[in-house]
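One structure below.
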Amino acid sequence: MRKRQAKKRPLLPDPKFNDQLVTRFVNMMMWDGKKSVAFKIFYDAIAIVEEKKQDEEKSGLEIWKDALSNVMPHVEVRSRRVGGATFQIPMQIRPDRKVSTAMKWLISFSRKRNEKSMAAKLAAEILAAAKEEGAAVKKRVDTHKMAEANKAFSHFRF
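For the sequence shown, counting from 1, position 95 maps to 95 in full-length UniProt numbering; every step adds exactly one.
Right under this line is the structure:
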């Protein structure tokens, strides 16, 4: 390899919850560099989750973390050419990729929902994911099914 791996930049924890994971999520959600707007959307969504939650022990942030871990995939399929044929090979996912994939799915499926504001969409998707339902969780289940179906090709791993 000519180029060495890029250095991981340290993220500043967010102002309200003092959590780096929140900042990472907000950075992914942000459009056109409008971080304050993205933070407002996230905090509003967490406030909506606080209102609508069923179990009283957990805070909105904990529900969001549960939702994130419910969306995280553990295996994925990667394409690999072997002798002219392309195989889908199931692979374990690195921990940081698990988190970023889960965030990406949560955000993209939130955007596709049809609530009024982005905060409402995000809150609805978080609540659904925390209960092991919703589009983002379905995506994880489908990814796992695909990996399971292609288990026969796992000996082609590289």
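Cβ atoms here follow ideal geometry from the backbone N, Cα and C, with glycine treated the same way.
For a cut-off of 8 Å, the C-beta gap from F156 to F87 is around 6 Å, short enough to register as a contact.
The beta carbons of A130 and A67 sit closer together than 7 Å. P95 carries a helical assignment under DSSP once its states are collapsed to helix, strand and coil. The beta carbon of F42 sits closer than 6 Å to the beta carbons of V26 from its chain, once the five residues preceding and following it are set aside; these are given in chain order.
With a beta-carbon spacing of about 7 Å, I93 and V75 fall inside the 8 Å limit used to define contacts. Taking the Cα of R80 as reference, the smallest distance to any Cα among D44, P90, N114 and E56 is reached at P90. Counted as a single uninterrupted DSSP element, the beta strand (DSSP E) harbouring E76 occupies residues V75 to V82. Counting along the chain, R24 sits inside the alpha helix (DSSP H) bounded by residues Q20 to M29.
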